[in-house]
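In the UniProt record's numbering, the protein residues as written are 1 to 262.
Ideal Cβ positions, reconstructed from N, Cα and C, are used throughout, including at glycine.
Structure first, commentary second.
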Amino acid sequence: MAAEAEYESILCVKPDVNVYRIPPRASNRAYRAADWKLDAPDWSGRMRITAKGKVAFIKLEDKVSGELFAQAPVKEYPGVAVETVSDSSRYFVLRIQDDNGRSAFIGVGFGDRGDAFDFNVALQDHFKWVKQENELSKSAQLGDSGPKLDLGFKEGQTITLNIGQGKKRDKPRPQGSGGFGLLPPPPGGKIAPPPSSGSSNHNIVQQTGGTATGCLLELDNSNSNTVVQSNPSSDLWGDFSAPASSVPPPSRPQNSTNWIQF
């Protein structure tokens, strides 16, 4: 029933092919097309390659009527049913069979190398598909007969899952000496003193006395106190445009015992 249900598919059709009678092979050496009468073929017609199931059939038919001249069943390729010759790529040796099972060897040839290439590729593709089908059937049989993996729970078997979020630890931020989160200065480094006449954010306080001179208290962002003593008769802000070498040195106060010199 399965063989009757199989349909026949056409793999390749070549309209021109020549058939030759070949001498029997006396040794195991390969066939040579030069030993045939290539200029006088014994039959000419068309070739049709069909497949029924896993078996391919090479059929030689008449060009006009389609009458079957001979056919060669091919169960494997390369194999005994189809052999190549040693001196050309356009000629092959076929083992033809009749309905009674009798067989004979004939030579076939193509006038164009492209037709010979298509003939070769059609047989290769078919038996490549046959090989894949055999591997799939073997794997299916092994899968049915082999032990199956049981992943189900046994009676009374339980499983416990611990799902929770880990606690994130906050990294401590480095604290500076002033408590404002600033990094401490590098070891061995020196902090440059603030400029004496540069910033507009400095607070300058002038104090005056009878005999003692006034002082300017300069405060900057680094909390450093600088006392500047000046002459009461001098300008409130001093001469900023004059260079440092031209400014006269400040006079010392007479009652300097009450001040601490920085």
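Counting C-beta atoms within 10 angstroms of its own C-beta, Ile58 has 16 or more neighbours from the protein chains shown and is therefore classed as buried. Around the C-beta of Lys14, 16 or more other C-beta atoms lie within 10 Å, and the residue is accordingly described as buried.
For Ile58, the enclosing beta strand (DSSP E) covers residues 55-61. Contact check for Tyr31 against Ile106 fails: the beta carbons are separated by 8 Å or more.
Beta-bridge annotation (DSSP): Pro73 is paired with Phe57.
Between the segment 88-96 and the segment 62-75 there are three or more inter-stretch CB-CB distances shorter than 8 Å, so the stretches are counted as touching. Counting only runs of at least 3 residues, the UniProt domain "NECAP PHear" (7-164) fully encloses the following beta strand (DSSP E) elements, listed from N- to C-terminal order: 8-21, 43-52, 55-61, 68-74, 82-84, 91-97, 103-109. Within 10 angstroms of the beta-carbon of Ile22 lie 16 or more other beta-carbons, which makes it buried. Judged by beta-carbon spacing, Ile10 lies beyond the 8 Å limit of Arg46, meaning their Cβ atoms are not closer than that value.
The residue from Tyr77, Gln141, Asn28, Leu151 with its alpha-carbon nearest to that of Leu123 is Tyr77.
Within the same chain, and ignoring the five residues on either side of Val55 in sequence, the residues whose Cβ sits closer than 8 Å to its Cβ are Pro73, Val74, Lys75. A distance of 8 Å or more separates the beta carbons of Arg113 and Ser86.
Asp35 and Asp118 have their alpha carbons spaced roughly 25 Å apart.
Selection Leu68, Thr160, Val64, Val108 evaluated against Asp98 yields Leu68 as nearest (Cα-Cα). Annotated as proximal: Asn18 and Ser44, with beta-carbon spacing under 8 Å.
Non-local C-beta neighbours of Lys138 in its own chain, meaning closer than 8 Å and more than five positions away in sequence, are absent. The beta carbon of Asp42 sits closer than 7 Å to the beta carbons of Val19, Tyr20, Arg21 from its chain, once the five residues preceding and following it are set aside; these are given in chain order.
The shortest CA-to-CA distance from Glu83 to any of Leu151, Ala140, Gln157, Asn120 is the one to Asn120. Taken atom to atom, the span from the alpha-carbon of Gly66 to that of Leu60 is near 9 Å. When Pro24, Ala104, Arg25, Phe110 are compared, the shortest CA-CA separation from Leu38 is found for Phe110. A Cβ-Cβ contact shorter than 8 Å links Glu8 with Lys52.
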